[in-house]
Amino acid sequence: MKRGLIFLVIFLLSLAAVSALQAEYEPIQNEALPGDSVSYLLHLNNNEENSASVTIRSLEPSWIMTPETQTINLRSNEKRDITLSFAPLGKLPPGSYGIKLGVFVNSATRIERLIIAKVLDYKKVITADFSSLPVIDPKRTTLARLKVKNIRNVALDNMDLVVKSPHFDLSQKLSLAKMEEREIEFPIRIPDNIHKDDYQMNIKISLNDNLMLDKPFTYTVGEYSDVKELIEDDSSFLVSGETVTLRNNGNNIVNQAYTKDFDYIAYKLSSFNPEVSKIDKVDGIYRIYWNYNLQPGESKIIGYKVNYRWPTFILILIILAVALVYVFRMKNSIVISKKVLGMHAPQGGSVHVMKVVINIKNRGNMAVNNVRIIDRVPNTIKAPAQFVSMRPNHIKAVPDGSVMVWDVHNIKRGEEKIISYRIEGRLSSNIVLPSAVAKYTSFGRMVAARSGHVGLGSKRSSI
4 MKRGLIFLVI FLLSLAAVSA LQAEYEPIQN EALPGDSVSY LLHLNNNEEN SASVTIRSLE
64 PSWIMTPETQ TINLRSNEKR DITLSFAPLG KLPPGSYGIK LGVFVNSATR IERLIIAKVL
124 DYKKVITADF SSLPVIDPKR TTLARLKVKN IRNVALDNMD LVVKSPHFDL SQKLSLAKME
184 EREIEFPIRI PDNIHKDDYQ MNIKISLNDN LMLDKPFTYT VGEYSDVKEL IEDDSSFLVS
244 GETVTLRNNG NNIVNQAYTK DFDYIAYKLS SFNPEVSKID KVDGIYRIYW NYNLQPGESK
304 IIGYKVNYRW PTFILILIIL AVALVYVFRM KNSIVISKKV LGMHAPQGGS VHVMKVVINI
364 KNRGNMAVNN VRIIDRVPNT IKAPAQFVSM RPNHIKAVPD GSVMVWDVHN IKRGEEKIIS
424 YRIEGRLSSN IVLPSAVAKY TSFGRMVAAR SGHVGLGSKR SSI
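Taking the numbering used here, the leading residue of the sequence shown gets 4, the next gets one more, and so forth.
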(Lines of atoms letter the chains of each structure in order from A and count residues from 1; the text may use other names and numbers.)
(Lines give C-alpha, C1' and ligand atoms only; values in the text may rest on other atoms or scores of the structure.)
Protein backbone atom coordinates (compact mmCIF):
# COMPACT_ATOMS: atom_id res chain seq x y z
CA MET A 1 0.00 0.00 0.00
CA LYS A 2 2.78 2.43 0.94
CA ARG A 3 4.77 1.54 -2.16
CA GLY A 4 1.76 2.26 -4.39
CA LEU A 5 1.24 5.61 -2.67
CA ILE A 6 4.90 6.54 -3.25
CA PHE A 7 4.63 5.68 -6.97
CA LEU A 8 1.45 7.77 -7.22
CA VAL A 9 3.18 10.78 -5.63
CA ILE A 10 6.17 10.43 -7.98
CA PHE A 11 3.82 10.18 -10.99
CA LEU A 12 1.88 13.30 -9.97
CA LEU A 13 5.11 15.22 -9.39
CA SER A 14 6.37 14.24 -12.84
CA LEU A 15 3.11 15.45 -14.39
CA ALA A 16 3.44 18.73 -12.54
CA ALA A 17 7.01 19.11 -13.77
CA VAL A 18 5.99 18.47 -17.33
CA SER A 19 3.18 20.97 -17.25
CA ALA A 20 5.25 23.51 -15.30
CA LEU A 21 7.77 24.07 -18.12
CA GLN A 22 6.63 25.05 -21.58
CA ALA A 23 9.04 24.58 -24.49
CA GLU A 24 8.11 25.66 -28.01
CA TYR A 25 10.23 26.62 -31.01
CA GLU A 26 10.03 28.70 -34.16
CA PRO A 27 12.40 28.55 -37.14
CA ILE A 28 15.01 31.17 -37.79
CA GLN A 29 16.68 29.28 -40.64
CA ASN A 30 15.02 25.90 -41.11
CA GLU A 31 16.41 25.13 -44.58
CA ALA A 32 20.04 25.10 -45.64
CA LEU A 33 22.40 23.95 -48.33
CA PRO A 34 24.23 20.63 -47.78
CA GLY A 35 26.70 20.98 -44.93
CA ASP A 36 25.27 24.27 -43.65
CA SER A 37 23.64 24.81 -40.27
CA VAL A 38 20.01 25.45 -39.40
CA SER A 39 18.86 27.60 -36.49
CA TYR A 40 15.75 27.98 -34.35
CA LEU A 41 14.46 30.07 -31.46
CA LEU A 42 13.41 28.01 -28.43
CA HIS A 43 10.83 29.67 -26.15
CA LEU A 44 11.01 28.51 -22.52
CA ASN A 45 8.44 29.43 -19.87
CA ASN A 46 8.78 28.26 -16.25
CA ASN A 47 5.30 28.22 -14.71
CA GLU A 48 6.56 26.50 -11.56
CA GLU A 49 6.67 28.31 -8.23
CA ASN A 50 10.29 27.23 -7.83
CA SER A 51 13.28 27.82 -10.06
CA ALA A 52 14.21 25.12 -12.54
CA SER A 53 17.48 23.90 -13.99
CA VAL A 54 16.96 23.27 -17.70
CA THR A 55 19.41 21.32 -19.86
CA ILE A 56 19.05 21.33 -23.65
CA ARG A 57 20.77 18.97 -26.06
CA SER A 58 20.25 17.27 -29.40
CA LEU A 59 19.05 13.67 -29.33
CA GLU A 60 19.74 13.21 -33.05
CA PRO A 61 23.23 11.75 -33.77
CA SER A 62 23.37 13.14 -37.31
CA TRP A 63 22.78 16.75 -36.16
CA ILE A 64 25.20 18.41 -33.74
CA MET A 65 23.94 21.28 -31.62
CA THR A 66 26.30 24.18 -30.98
CA PRO A 67 27.17 24.11 -28.13
CA GLU A 68 26.37 20.43 -27.70
CA THR A 69 24.69 21.04 -24.32
CA GLN A 70 23.17 24.17 -22.82
CA THR A 71 22.15 24.44 -19.17
CA ILE A 72 20.26 27.43 -17.86
CA ASN A 73 18.44 28.29 -14.65
CA LEU A 74 14.95 29.72 -14.89
CA ARG A 75 13.40 31.57 -11.99
CA SER A 76 9.77 31.05 -11.13
CA ASN A 77 7.51 32.38 -13.94
CA GLU A 78 10.55 33.39 -15.98
CA LYS A 79 10.44 33.33 -19.77
CA ARG A 80 13.53 33.07 -21.91
CA ASP A 81 14.31 32.65 -25.62
CA ILE A 82 17.30 30.49 -26.56
CA THR A 83 18.87 30.45 -30.02
CA LEU A 84 19.77 26.92 -31.12
CA SER A 85 22.03 26.05 -34.03
CA PHE A 86 22.36 22.55 -35.53
CA ALA A 87 25.08 21.45 -37.93
CA PRO A 88 24.71 18.23 -39.93
CA LEU A 89 27.26 15.50 -39.43
CA GLY A 90 28.73 15.67 -42.93
CA LYS A 91 26.86 16.59 -46.10
CA LEU A 92 23.45 15.01 -45.90
CA PRO A 93 21.55 14.35 -49.15
CA PRO A 94 18.71 16.76 -49.97
CA GLY A 95 15.46 16.11 -48.17
CA SER A 96 13.50 16.81 -44.99
CA TYR A 97 14.93 15.71 -41.64
CA GLY A 98 13.61 15.54 -38.11
CA ILE A 99 15.91 16.71 -35.31
CA LYS A 100 14.89 15.34 -31.92
CA LEU A 101 15.54 17.93 -29.22
CA GLY A 102 15.65 16.99 -25.54
CA VAL A 103 14.81 19.48 -22.78
CA PHE A 104 15.63 18.12 -19.30
CA VAL A 105 14.11 19.75 -16.22
CA ASN A 106 15.96 19.34 -12.91
CA SER A 107 17.69 16.27 -14.42
CA ALA A 108 14.46 14.32 -13.94
CA THR A 109 11.83 15.27 -16.48
CA ARG A 110 12.50 15.16 -20.22
CA ILE A 111 10.52 17.09 -22.81
CA GLU A 112 11.06 16.12 -26.44
CA ARG A 113 10.44 18.28 -29.46
CA LEU A 114 10.82 17.21 -33.10
CA ILE A 115 12.36 20.03 -35.12
CA ILE A 116 11.98 19.88 -38.90
CA ALA A 117 14.96 20.84 -41.06
CA LYS A 118 15.29 20.79 -44.83
CA VAL A 119 18.49 20.17 -46.76
CA LEU A 120 18.26 21.77 -50.20
CA ASP A 121 19.42 20.53 -53.56
CA TYR A 122 22.00 22.93 -55.03
CA LYS A 123 20.30 22.71 -58.41
CA LYS A 124 16.87 23.64 -57.05
CA VAL A 125 17.72 26.92 -55.35
CA ILE A 126 17.96 29.50 -58.14
CA THR A 127 16.34 30.12 -61.52
CA ALA A 128 17.54 32.24 -64.40
CA ASP A 129 15.94 33.54 -67.55
CA PHE A 130 16.40 36.43 -69.90
CA SER A 131 13.89 39.24 -69.49
CA SER A 132 15.38 40.81 -72.60
CA LEU A 133 17.55 39.11 -75.22
CA PRO A 134 16.98 40.86 -78.55
CA VAL A 135 18.43 39.86 -81.88
CA ILE A 136 22.07 40.84 -81.78
CA ASP A 137 23.12 43.39 -84.38
CA PRO A 138 26.81 42.93 -85.27
CA LYS A 139 27.21 46.67 -85.81
CA ARG A 140 25.87 47.65 -82.39
CA THR A 141 26.25 46.78 -78.75
CA THR A 142 23.25 44.81 -77.51
CA LEU A 143 22.15 45.05 -73.88
CA ALA A 144 20.90 41.75 -72.48
CA ARG A 145 19.02 41.48 -69.19
CA LEU A 146 19.23 38.27 -67.18
CA LYS A 147 16.84 37.70 -64.28
CA VAL A 148 18.28 35.52 -61.54
CA LYS A 149 15.99 34.55 -58.66
CA ASN A 150 16.72 32.88 -55.34
CA ILE A 151 13.61 30.77 -54.72
CA ARG A 152 14.65 29.49 -51.29
CA ASN A 153 14.98 30.98 -47.83
CA VAL A 154 18.79 30.89 -47.78
CA ALA A 155 21.31 33.64 -48.41
CA LEU A 156 23.67 33.04 -51.35
CA ASP A 157 26.89 35.02 -51.07
CA ASN A 158 29.78 35.33 -53.49
CA MET A 159 28.52 33.06 -56.26
CA ASP A 160 30.33 32.81 -59.59
CA LEU A 161 28.31 33.73 -62.69
CA VAL A 162 29.90 32.68 -65.98
CA VAL A 163 28.47 33.26 -69.48
CA LYS A 164 30.17 31.47 -72.36
CA SER A 165 29.41 31.56 -76.08
CA PRO A 166 31.32 31.19 -79.35
CA HIS A 167 31.53 34.99 -79.60
CA PHE A 168 31.83 36.40 -76.08
CA ASP A 169 32.66 35.40 -72.50
CA LEU A 170 31.51 37.16 -69.34
CA SER A 171 32.04 36.48 -65.63
CA GLN A 172 31.19 38.24 -62.40
CA LYS A 173 30.42 37.68 -58.72
CA LEU A 174 26.81 37.48 -57.63
CA SER A 175 25.11 37.50 -54.22
CA LEU A 176 21.42 37.04 -53.52
CA ALA A 177 19.53 37.53 -50.29
CA LYS A 178 16.77 35.16 -49.25
CA MET A 179 14.04 35.01 -51.93
CA GLU A 180 15.70 37.88 -53.82
CA GLU A 181 15.29 38.42 -57.54
CA ARG A 182 17.87 40.48 -59.37
CA GLU A 183 18.15 41.64 -62.95
CA ILE A 184 21.69 41.64 -64.31
CA GLU A 185 22.48 43.74 -67.34
CA PHE A 186 25.46 42.96 -69.49
CA PRO A 187 26.44 44.32 -72.90
CA ILE A 188 27.02 41.97 -75.83
CA ARG A 189 29.41 43.04 -78.55
CA ILE A 190 30.33 40.61 -81.31
CA PRO A 191 32.60 40.93 -84.37
CA ASP A 192 31.11 42.44 -87.51
CA ASN A 193 31.78 39.38 -89.63
CA ILE A 194 29.52 37.01 -87.68
CA HIS A 195 26.90 35.50 -89.97
CA LYS A 196 23.22 35.70 -89.28
CA ASP A 197 22.20 32.51 -87.48
CA ASP A 198 21.08 31.05 -84.16
CA TYR A 199 23.83 30.36 -81.63
CA GLN A 200 23.93 28.99 -78.14
CA MET A 201 25.32 30.54 -74.99
CA ASN A 202 25.67 28.72 -71.69
CA ILE A 203 25.16 30.25 -68.26
CA LYS A 204 26.67 28.62 -65.20
CA ILE A 205 26.26 29.72 -61.60
CA SER A 206 28.23 27.99 -58.86
CA LEU A 207 28.83 28.42 -55.14
CA ASN A 208 32.10 27.14 -53.69
CA ASP A 209 32.58 24.82 -56.68
CA ASN A 210 29.04 23.47 -56.28
CA LEU A 211 27.14 23.83 -59.54
CA MET A 212 23.78 25.52 -58.95
CA LEU A 213 22.70 26.33 -62.51
CA ASP A 214 23.82 25.15 -65.93
CA LYS A 215 21.41 26.41 -68.55
CA PRO A 216 21.73 26.97 -72.31
CA PHE A 217 20.11 29.89 -74.10
CA THR A 218 19.70 30.53 -77.79
CA TYR A 219 20.51 33.94 -79.20
CA THR A 220 20.18 35.21 -82.74
CA VAL A 221 22.72 37.22 -84.67
CA GLY A 222 20.92 39.30 -87.27
CA GLU A 223 21.83 41.34 -90.28
CA TYR A 224 21.80 45.09 -90.19
CA SER A 225 18.15 46.02 -90.29
CA ASP A 226 15.79 48.75 -89.22
CA VAL A 227 12.15 47.69 -89.12
CA LYS A 228 9.69 50.32 -87.95
CA GLU A 229 6.25 49.52 -86.56
CA LEU A 230 3.28 51.86 -86.86
CA ILE A 231 0.30 50.70 -84.78
CA GLU A 232 -3.12 52.25 -85.45
CA ASP A 233 -6.31 51.61 -83.54
CA ASP A 234 -9.05 50.01 -85.65
CA SER A 235 -11.90 49.74 -83.14
CA SER A 236 -15.62 50.37 -83.45
CA PHE A 237 -18.78 49.58 -81.47
CA LEU A 238 -18.18 46.25 -79.66
CA VAL A 239 -15.24 45.58 -81.99
CA SER A 240 -11.61 46.06 -81.00
CA GLY A 241 -8.65 45.79 -83.31
CA GLU A 242 -5.35 47.15 -84.56
CA THR A 243 -3.62 47.71 -87.86
CA VAL A 244 0.15 47.32 -87.75
CA THR A 245 2.33 48.64 -90.56
CA LEU A 246 5.83 47.16 -90.71
CA ARG A 247 8.44 48.93 -92.83
CA ASN A 248 12.00 47.79 -93.48
CA ASN A 249 14.24 50.83 -93.38
CA GLY A 250 17.39 48.70 -93.37
CA ASN A 251 19.61 47.55 -96.19
CA ASN A 252 19.03 43.81 -95.99
CA ILE A 253 16.15 41.42 -96.39
CA VAL A 254 14.25 41.01 -93.13
CA ASN A 255 12.57 37.69 -92.35
CA GLN A 256 11.02 37.90 -88.89
CA ALA A 257 7.76 37.37 -87.04
CA TYR A 258 5.28 39.75 -85.50
CA THR A 259 3.51 38.33 -82.43
CA LYS A 260 0.34 39.18 -80.55
CA ASP A 261 -1.09 37.51 -77.44
CA PHE A 262 -4.81 36.79 -76.96
CA ASP A 263 -6.76 35.24 -74.13
CA TYR A 264 -9.17 32.38 -74.91
CA ILE A 265 -12.29 34.49 -75.50
CA ALA A 266 -10.52 37.13 -77.59
CA TYR A 267 -8.85 34.43 -79.69
CA LYS A 268 -12.14 32.65 -80.43
CA LEU A 269 -13.75 35.94 -81.50
CA SER A 270 -10.84 37.20 -83.60
CA SER A 271 -10.32 37.49 -87.32
CA PHE A 272 -6.88 38.05 -88.82
CA ASN A 273 -5.62 39.68 -91.98
CA PRO A 274 -3.49 38.18 -93.41
CA GLU A 275 -3.86 34.63 -92.10
CA VAL A 276 -1.57 33.83 -89.20
CA SER A 277 1.59 31.78 -89.72
CA LYS A 278 1.61 29.94 -86.39
CA ILE A 279 -0.34 29.69 -83.16
CA ASP A 280 1.16 28.64 -79.83
CA LYS A 281 -0.81 28.07 -76.64
CA VAL A 282 1.18 28.71 -73.45
CA ASP A 283 -0.48 28.79 -70.00
CA GLY A 284 -3.90 29.50 -71.52
CA ILE A 285 -2.60 32.36 -73.69
CA TYR A 286 -2.73 32.11 -77.48
CA ARG A 287 0.34 33.62 -79.13
CA ILE A 288 -0.25 34.52 -82.77
CA TYR A 289 2.67 34.73 -85.20
CA TRP A 290 2.78 36.49 -88.54
CA ASN A 291 5.96 35.66 -90.39
CA TYR A 292 6.99 38.33 -92.85
CA ASN A 293 9.74 38.83 -95.40
CA LEU A 294 10.53 42.43 -96.24
CA GLN A 295 12.81 43.69 -98.96
CA PRO A 296 14.61 46.97 -98.26
CA GLY A 297 12.05 49.79 -98.35
CA GLU A 298 9.11 47.35 -98.41
CA SER A 299 6.10 47.59 -96.06
CA LYS A 300 3.60 45.02 -94.83
CA ILE A 301 0.24 45.58 -93.13
CA ILE A 302 -1.01 43.20 -90.44
CA GLY A 303 -4.43 43.53 -88.83
CA TYR A 304 -6.79 41.80 -86.48
CA LYS A 305 -10.26 42.41 -85.08
CA VAL A 306 -12.07 41.00 -82.05
CA ASN A 307 -15.83 41.07 -82.64
CA TYR A 308 -17.93 41.03 -79.46
CA ARG A 309 -21.24 41.82 -81.18
CA TRP A 310 -22.59 38.29 -81.68
CA PRO A 311 -21.58 37.05 -78.20
CA THR A 312 -23.18 40.13 -76.68
CA PHE A 313 -26.37 39.53 -78.65
CA ILE A 314 -26.46 35.86 -77.61
CA LEU A 315 -25.80 36.83 -73.99
CA ILE A 316 -28.71 39.27 -74.07
CA LEU A 317 -30.97 36.52 -75.47
CA ILE A 318 -29.86 34.14 -72.71
CA ILE A 319 -30.54 36.77 -70.04
CA LEU A 320 -33.99 37.42 -71.50
CA ALA A 321 -34.73 33.68 -71.62
CA VAL A 322 -33.64 33.24 -68.02
CA ALA A 323 -35.75 36.23 -67.01
CA LEU A 324 -38.79 34.80 -68.81
CA VAL A 325 -38.32 31.41 -67.16
CA TYR A 326 -37.93 33.13 -63.81
CA VAL A 327 -41.11 35.18 -64.28
CA PHE A 328 -43.03 32.12 -65.53
CA ARG A 329 -41.98 30.07 -62.55
CA MET A 330 -42.75 32.94 -60.21
CA LYS A 331 -46.25 33.26 -61.70
CA ASN A 332 -46.76 29.48 -61.64
CA SER A 333 -44.91 28.58 -58.48
CA ILE A 334 -47.36 26.06 -57.03
CA VAL A 335 -47.94 22.67 -58.65
CA ILE A 336 -50.48 20.23 -57.23
CA SER A 337 -51.06 16.54 -57.88
CA LYS A 338 -53.65 14.09 -56.63
CA LYS A 339 -53.62 10.31 -56.60
CA VAL A 340 -55.10 7.25 -54.90
CA LEU A 341 -52.39 5.12 -53.33
CA GLY A 342 -54.48 2.01 -52.77
CA MET A 343 -57.94 0.53 -52.28
CA HIS A 344 -59.30 -2.43 -50.40
CA ALA A 345 -62.65 -3.81 -49.30
CA PRO A 346 -63.48 -5.75 -46.15
CA GLN A 347 -63.80 -9.48 -46.60
CA GLY A 348 -66.98 -10.14 -48.54
CA GLY A 349 -67.97 -6.47 -48.55
CA SER A 350 -68.75 -4.16 -51.43
CA VAL A 351 -67.65 -0.91 -49.79
CA HIS A 352 -64.06 0.09 -50.58
CA VAL A 353 -61.66 2.09 -48.40
CA MET A 354 -59.43 4.44 -50.41
CA LYS A 355 -56.45 6.62 -49.42
CA VAL A 356 -56.22 9.91 -51.31
CA VAL A 357 -52.90 11.82 -51.34
CA ILE A 358 -52.60 15.44 -52.45
CA ASN A 359 -49.07 16.78 -53.06
CA ILE A 360 -48.47 20.55 -53.14
CA LYS A 361 -44.98 21.75 -54.14
CA ASN A 362 -43.50 25.25 -54.43
CA ARG A 363 -41.13 25.13 -57.40
CA GLY A 364 -40.66 28.90 -57.50
CA ASN A 365 -37.72 30.97 -56.21
CA MET A 366 -39.44 32.44 -53.17
CA ALA A 367 -41.99 31.51 -50.53
CA VAL A 368 -45.72 31.63 -51.33
CA ASN A 369 -48.08 32.81 -48.61
CA ASN A 370 -51.79 32.18 -47.95
CA VAL A 371 -52.36 29.16 -50.17
CA ARG A 372 -55.90 27.73 -50.12
CA ILE A 373 -56.29 24.05 -51.07
CA ILE A 374 -59.80 22.99 -52.17
CA ASP A 375 -60.80 19.39 -52.80
CA ARG A 376 -64.17 17.74 -53.42
CA VAL A 377 -65.57 14.27 -52.84
CA PRO A 378 -68.56 13.20 -54.99
CA ASN A 379 -71.84 12.31 -53.29
CA THR A 380 -71.41 8.65 -54.31
CA ILE A 381 -68.60 8.42 -51.76
CA LYS A 382 -68.93 8.91 -48.06
CA ALA A 383 -67.37 12.15 -46.76
CA PRO A 384 -63.85 11.55 -45.33
CA ALA A 385 -63.52 11.15 -41.59
CA GLN A 386 -59.84 10.21 -41.23
CA PHE A 387 -57.14 12.79 -42.07
CA VAL A 388 -53.55 11.52 -41.79
CA SER A 389 -51.38 14.63 -42.11
CA MET A 390 -53.40 17.89 -42.14
CA ARG A 391 -56.99 18.36 -41.10
CA PRO A 392 -59.03 20.75 -43.28
CA ASN A 393 -60.02 24.12 -41.94
CA HIS A 394 -63.52 23.69 -43.37
CA ILE A 395 -65.69 20.79 -44.55
CA LYS A 396 -68.93 21.71 -46.27
CA ALA A 397 -71.67 19.49 -47.63
CA VAL A 398 -72.93 20.48 -51.09
CA PRO A 399 -75.57 18.82 -53.30
CA ASP A 400 -73.01 16.93 -55.38
CA GLY A 401 -70.80 15.83 -52.47
CA SER A 402 -68.45 17.38 -49.89
CA VAL A 403 -65.98 20.28 -50.18
CA MET A 404 -62.84 20.41 -48.02
CA VAL A 405 -60.71 23.54 -47.58
CA TRP A 406 -57.17 23.76 -46.19
CA ASP A 407 -55.54 27.15 -45.56
CA VAL A 408 -51.73 26.91 -45.68
CA HIS A 409 -50.05 29.99 -44.26
CA ASN A 410 -46.68 29.61 -45.97
CA ILE A 411 -44.92 27.25 -48.40
CA LYS A 412 -41.18 27.89 -48.64
CA ARG A 413 -39.15 27.70 -51.82
CA GLY A 414 -38.76 24.04 -52.83
CA GLU A 415 -41.01 22.87 -49.98
CA GLU A 416 -43.68 20.18 -50.37
CA LYS A 417 -46.89 19.81 -48.40
CA ILE A 418 -48.71 16.47 -48.21
CA ILE A 419 -52.44 16.12 -47.50
CA SER A 420 -53.91 12.62 -47.18
CA TYR A 421 -57.26 11.25 -46.09
CA ARG A 422 -59.36 8.08 -46.31
CA ILE A 423 -62.74 7.73 -47.98
CA GLU A 424 -65.26 4.89 -48.32
CA GLY A 425 -67.69 4.10 -51.11
CA ARG A 426 -68.96 1.66 -53.63
CA LEU A 427 -66.83 1.55 -56.78
CA SER A 428 -68.20 2.10 -60.22
CA SER A 429 -66.42 2.37 -63.57
CA ASN A 430 -67.66 5.93 -64.00
CA ILE A 431 -66.63 7.30 -60.59
CA VAL A 432 -64.01 10.07 -60.91
CA LEU A 433 -62.47 12.08 -58.09
CA PRO A 434 -62.51 15.79 -59.07
CA SER A 435 -59.38 17.89 -59.39
CA ALA A 436 -57.80 19.45 -56.31
CA VAL A 437 -57.24 23.20 -56.61
CA ALA A 438 -54.55 25.42 -55.02
CA LYS A 439 -55.37 29.15 -55.02
CA TYR A 440 -52.89 31.89 -54.15
CA THR A 441 -51.90 35.43 -55.11
CA SER A 442 -48.80 36.05 -57.32
CA PHE A 443 -47.73 39.48 -58.53
CA GLY A 444 -51.08 40.92 -57.51
CA ARG A 445 -53.22 38.40 -59.40
CA MET A 446 -55.09 35.31 -58.29
CA VAL A 447 -53.57 32.06 -59.57
CA ALA A 448 -55.22 28.65 -59.47
CA ALA A 449 -53.21 25.44 -59.90
CA ARG A 450 -55.18 22.26 -60.58
CA SER A 451 -54.37 18.60 -60.30
CA GLY A 452 -55.61 15.96 -62.69
CA HIS A 453 -58.79 13.97 -62.25
CA VAL A 454 -58.42 10.56 -60.61
CA GLY A 455 -60.53 7.74 -62.08
CA LEU A 456 -61.28 4.93 -59.65
CA GLY A 457 -62.74 2.31 -62.01
CA SER A 458 -63.03 -1.13 -60.46
CA LYS A 459 -59.35 -1.66 -59.64
CA ARG A 460 -58.71 -3.45 -56.35
CA SER A 461 -55.47 -3.22 -54.38
CA SER A 462 -54.30 -3.05 -50.79
CA ILE A 463 -53.09 0.09 -49.09
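Quick reminder that beta carbons are idealized off the backbone N, C-alpha and C, glycines included.
All of these numbers come straight from a predicted model, not from anything done at the bench.
For residue i, is the classification buried or exposed, using 16 other Cβ atoms within 10 angstroms of its Cβ as the cut-off for buried?
i	result
E188	exposed
M449	exposed
A326	exposed
I305	buried
P395	buried
W313	exposed
I208	buried
A147	buried
Y227	exposed
I9	Confidence at I9 is low in this model, with a pLDDT of 38, below 50, so the placement of that residue is unreliable and no value is reported for it.
A370	exposed
M204	buried
S454	buried
G93	exposed
E71	exposed
M182	exposed
I282	exposed
At the level of alpha carbons, what is the spacing between residue i and residue j?
i	j	result
E63	L164	37 Å
W293	E301	16 Å
S465	E427	Since pLDDT at S465 reaches only 36, below the 50 mark, its modelled position is unreliable, and the value read off the structure follows with that caveat. Taking the straight line joining both Cα atoms gives about 14 Å.
R375	F240	53 Å
E29	A180	21 Å
D172	D124	27 Å
N382	A441	22 Å
E34	L159	13 Å
P190	R143	10 Å
R357	Q389	Per the sequence shown, the amino acid found at residue 357 is Met instead of Arg. Rounded to whole angstroms, M357 to Q389 spans 11 Å at the Cα level.
A451	Y443	7 Å
S42	E27	14 Å
Q259	F89	57 Å
S40	G244	58 Å
K199	L297	16 Å
T248	E235	8 Å
A120	P37	11 Å
K263	N255	25 Å
F107	L95	28 Å
P137	Y270	27 Å
V406	E418	25 Å
H46	I31	12 Å
R60	I154	32 Å
R379	N372	23 Å
V122	D140	44 Å
S273	S238	13 Å
Using the three-state DSSP reduction, which class does residue i fall into: helix, strand or coil?
i	result
P314	helix
L323	helix
A147	strand
A23	helix
S454	coil
M182	coil
F446	coil
R60	strand
E52	coil
P194	coil
S168	coil
V309	strand
V157	coil
D200	strand
N205	strand
For residue i, which option in the options has the closest C-alpha, if you only look at C-alpha atoms?
i	options	result
K399	S110, V408, V391	V408
V360	V371, K341, N373, F275	K341
Q25	S79, A439, G404	S79
V242	L149, S445, Y307	Y307
G105	R116, N53, I139	R116
R366	K415, L323, I319	K415
L344	A324, S40, S423	S423
S168	T221, V157, L136	T221
N362	N109, V157, K420	K420
M393	V411, G404, T69, P96	V411
R2	N413, L77, A439, H355	Examination of residue 2 is not possible in this model, given that the chain is present from 4 through 466 alone.
F446	L216, T69, N335, R290	N335
K3	N252, L216, V224	An answer regarding residue 3 cannot be provided, because it is not within the stretch 4 to 466 covered by the chain.
A111	V57, V122, I197, N213	V57
I129	G98, R113, D217, S135	D217
N53	I67, E81, Q73	E81
T246	N49, P277, S99	P277
message: Please give me, in chain order, every unbroken run of the alpha helix (DSSP H) with length at least 4 that falls completely inside the segment 216-296.
response: 267-271
- request: For the segment 73-137, list the beta strand (DSSP E) runs that are entirely contained and at least 3 residues long, ordered along the chain.
  value: 82-91, 98-108, 112-122, 129-135
field: Runs of beta strand (DSSP E) lying entirely within the segment 336-419, each at least 3 residues, in chain order
entry: 337-347, 354-365, 371-381, 384-390, 397-401, 404-414
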